[in-house]
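One structure below.
Residue numbers (our numbering), protein chains in the order written: chain A, 38 to 347; chain B, 875 to 1282; chain C, 513 to 782.
Okay, structure coming up:
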């Protein structure tokens, strides 16, 4: 079936009221919970605050100007791009493979699926603290494992050495994002009807060709959800970077979100207004990134095709 | 399946509909930092109950861990809902913003006179006492007796030269032994730095002006950087090691010869019984060794009609029995003359109590200190990393301090 | 042969994924003195399963667990109840404002809770809802809405209209078609949304920290941080509590995960 023919005006109006009914609860939740704090954030970004938090009046766009003058901003921005890019890209690719694996029957599959839920089930803070433990130079299991196995000649200060911190954090980011993404893809795989594969097999297509030409395109809606949401969550992810980077002075390995927190509470700046400005900038950044992605991927066309499948 | 669904929806509805907020009605909000899971809540809960029983209003007691307390308090103040009584490690910014009662408004004269001189002075802003001392701690020099014996060292070092020699001999023991564990990571770098700085003859300020990059201080920081990078007698990446999960852990494991610690560390060492340690005075370049004293504060926020309630609460806490009971349980040191008397009999605390008269405090009375402290915490570690520039770091800190003093 | 390779790969995956948590479990079984030793030892010398009993017996722990269960369950229910109709409607119909709605929903996710927490606190304080279940439940529900709506929408959209219309014509009516045909077919999406919303609410930290200050209202994430403070550190208890906190989630998952293997049955479109 094709997309709907343009509807007469009266039907469209009726549609509007109907839409309100179905969308109502969601809109109410958003309006009730998120709207006011979002406005408060913007208001805070336009104000000046004492180090104690006392509001001292409006300063217009001054905080945004000062934000752009922060010497650490370019480093933090670069870190964030690397952080989000590496974690999301690797997670999605690996998740595709893992979902394929977990979609095939084999003995013990249920247990493996249950195992995969654990990194997701554990709170990010706990997993981060666990990895601080594991990455420790003197007491950590990783150094112990690698030096005993002969892979490393000497232990490495994973979290203290500037060369390895980012990689160590990205590894944890990927580790905790894999379960969620794999299950989204699995759910997507589960909705592909069996006949599709039947037909391909009858046609004599190779496994890889089937995957590339049939499965992947059919997974597009699921992948879309996975990528967009992962980008948002990883960008906003606070506990991993905060906990693993805790012992490093300066801002050399911070992402935009931890930089925001440090500006507000932990650095000499102690400036809640400036931090709020960064909070607003963060939202705009992801918004632009996500909208660009959605436009590139033409999300709307994809699903019109899917729902029109005969 | 349907039954489970129905139950779940019922729970949701119930939870949302029937739960009511804790606000409304007179009462005071008391925010205390969480020193330990085992003691803090227990003591303050009991105190709050005693207070209410004696006729005070209800107490909304909040115990908040040190990691989050700054964020939580700032949130409360940003929303115009400051607590009535707050326990924190700084106060002068709140005093400068006019948020606090001075001591004469909320403490009885007896209590005010009972404070130890140095601690009372450390709580003053523009001549008036706003930051009421709640407890204190003093740093001491810890050394591992077994490792000293193995390295043929008889006594803890008194001068810096001795110190370096000792550290080298300990490091030479091999087997992962570390001469001196130096925590200059962002957690409490200013404490470690302050002790070395003072014993090197420098200070935060000279007269009333910031002097962070004085010659003496540059010499001292260079000395520390050398310990790490030239003599190599410290643990790896000292600029990125914190005290509690870094330097202290290594000492507790028995792998460190010397570290600067305090009484809670001693308590933990005693409890574990793994390490034979000794406590001594700091090595110094001056005649007399100096150590760092730290006090935490209680402060009372000015709110409508809460003065009497707050006064009653504070007077209750400052009764010698109460205050001593809590400080002892947490393993800290007294801030009052009467408390000092009572705690003298505790032999384990002797080295710290003896150090108290020579203990110096950070310049907490200057509101700019709040920013300077954070600046030092965040940045001084870079100076002792390979390729670090001690003079450059101190110069930057000095510039920021002067700017903070001038600005709001 | 292929079976064997798959099985090996599967079990290897499970090992890699569980390895760090095995470290967590083993550390949870160590006594205080063994927590940090050099060279590091994986297995405890002195096994101390009492650490788990300490945590289970701690009345605080029971309270935190109760709060977490109520908040996570209730907010998940609300998310699904709000998201499903919205997702269905936007999947099936084009209407003015559809894109705007979906983007607005997504934008709410983009605000970092860390940035919003101040405003949230003030809002709930004005409504006298600080320290209530309602505040945390509604907040978690609102913050997890985007995922639920987007993934449910993808699922509803992938179900061909014909199936639904066929069922309606066959005598179910529109509502019946919805309940008896569409929902079951989109079960994998529903299950994913439920798991996601539950876990997100179960593990939420910063908002819970700010809104729930009374001890009897603290959820697990906030409560267990008390085992390790600046001055006293019981990492073994912290990890024991963390292991225990994972259990309810895994149980929930085990109960509903088979519905993840759903999908259109062959021949349903005839």
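Where is the CB? At the ideal position from N, CA and C, for every residue including glycine.
Find the nearest neighbour of residue i within the set the options, judged by alpha-carbon distance.
i, options, result
"residue 1107(B)", "1198(B), 1041(B), 1143(B)", "1041(B)"
"residue 907(B)", "939(B), 931(B), 933(B), 916(B)", "939(B)"
"residue 81(A)", "226(A), 273(A), 97(A), 102(A)", "97(A)"
"residue 710(C)", "565(C), 764(C), 735(C), 691(C)", "764(C)"
"residue 1133(B)", "1254(B), 1081(B), 1016(B)", "1016(B)"
"residue 618(C)", "208(A), 265(A), 150(A)", "265(A)"
"residue 72(A)", "635(C), 692(C), 762(C)", "635(C)"
"residue 91(A)", "951(B), 1155(B), 942(B)", "951(B)"
"residue 702(C)", "570(C), 526(C), 770(C)", "770(C)"
"residue 943(B)", "931(B), 926(B), 961(B)", "961(B)"
"residue 539(C)", "576(C), 519(C), 560(C)", "560(C)"
"residue 678(C)", "689(C), 669(C), 532(C)", "689(C)"
"residue 318(A)", "303(A), 132(A), 294(A), 329(A)", "294(A)"
"residue 673(C)", "641(C), 683(C), 694(C)", "694(C)"
"residue 128(A)", "222(A), 168(A), 315(A)", "222(A)"
State the DSSP-derived secondary structure class of residue i, mapped to helix, strand or coil.
i, result
"residue 898(B)", "No answer about residue 898(B) holds up, because its pLDDT of 47 lies below 50 and its placement is not dependable."
"residue 1344(B)", "Given a span of 875 to 1282 for chain B in the structure shown, any question on residue 1344(B) remains unanswerable."
"residue 1138(B)", "helix"
"residue 672(C)", "coil"
"residue 1156(B)", "coil"
"residue 975(B)", "coil"
"residue 82(A)", "helix"
"residue 174(A)", "coil"
"residue 195(A)", "coil"
"residue 270(A)", "helix"
"residue 235(A)", "helix"
"residue 1132(B)", "strand"
"residue 151(A)", "helix"
"residue 980(B)", "helix"
"residue 60(A)", "helix"
"residue 109(A)", "coil"
Closer than 8 Å, CB to CB, is residue i near chain D or not?
i, result
"residue 1170(B)", "This model lacks chain D altogether, as its protein chains are A, B and C."
Within 10 angstroms of the Cβ of residue i, are there 16 or more other Cβ atoms? Answer buried if so, exposed if not.
i, result
"residue 153(A)", "buried"
"residue 898(B)", "Its pLDDT being 47, under 50, residue 898(B) is placed unreliably in this model, and the value from its coordinates should be taken loosely. Exposed, since its Cβ has fewer than 16 Cβ neighbours within 10 Å."
"residue 1089(B)", "exposed"
"residue 102(A)", "exposed"
"residue 245(A)", "exposed"
"residue 1215(B)", "exposed"
"residue 105(A)", "exposed"
"residue 333(A)", "exposed"
"residue 926(B)", "exposed"
"residue 232(A)", "exposed"
"residue 54(A)", "exposed"
"residue 1061(B)", "buried"
"residue 676(C)", "buried"
I'd like to know whether the C-beta atoms of residue i and residue j end up nearer to each other than 8 Å.
i, j, result
"residue 1021(B)", "residue 1047(B)", "yes"
"residue 192(A)", "residue 1114(B)", "no"
"residue 349(A)", "residue 162(A)", "Here chain A has residues from 38 to 347 only, and residue 349(A) is not among them."
"residue 259(A)", "residue 623(C)", "no"
"residue 1008(B)", "residue 1271(B)", "no"
"residue 577(C)", "residue 633(C)", "no"
"residue 1026(B)", "residue 1171(B)", "no"
"residue 67(A)", "residue 620(C)", "yes"
"residue 1053(B)", "residue 550(C)", "no"
What I want to know is whether the C-beta of residue i ends up closer than 7 Å to one or more non-hydrogen atoms of the ligand ZN.
i, result
"residue 55(A)", "The ligand ZN is absent from the structure shown, which contains no ligands of any kind."
Chain A contacts made by the segment 578 to 602 of chain C, where a contact means CB separation under 8 Å:
Residues passing the 8 Å Cβ filter: 590, 593, 594, 595, 597, 598, 600, 601, 602.
Interface residues of the segment 309 to 328 of chain A facing chain B [CB-CB below 8 Å]
When C-beta distances to chain B are compared with 8 Å, the residues of the segment 309 to 328 of chain A below that value are 309, in chain order.
Which residues, taken in chain order from the segment 940 to 953 of chain B, show a beta carbon closer than 7 Å to some beta carbon of chain C?
Against chain C - using a Cβ distance shorter than 7 Å - the residues of the segment 940 to 953 of chain B are 940, 942, 946, 949, 952, 953.
If contact means a Cβ-Cβ distance below 9 Å, which residues of the segment 710 to 740 of chain C contact chain A?
For the segment 710 to 740 of chain C, which is checked against every Cβ of chain A, the residues closer than 9 Å are 711, 714, 715, 716, 717, 718, 732, 733, 736, 737, 740.
Going along the segment 534 to 551 of chain C in order, which residues come within less than 7 Å of chain B, judged by CB to CB distance?
Flagged, chain order: 544, 545, 548, 549, 550.
Contact residues within the segment 604 to 628 of chain C, judged by C-beta distance below 9 Å to chain A:
For the segment 604 to 628 of chain C, which is checked against every Cβ of chain A, the residues closer than 9 Å are 604, 605, 606, 607, 608, 609, 610, 611, 613, 615, 616, 617, 618, 619, 620, 621, 622, 623, 624, 625, 626, 627, 628.
With 8 Å as the C-beta to C-beta threshold (strictly closer), list the residues of the segment 79 to 92 of chain A near chain B in chain order.
In summary, the residues of the segment 79 to 92 of chain A whose CB is separated from some CB of chain B by less than 8 Å are 81, 86, 87, 88, 89, 90, 91, 92, in the order they occur in the chain.
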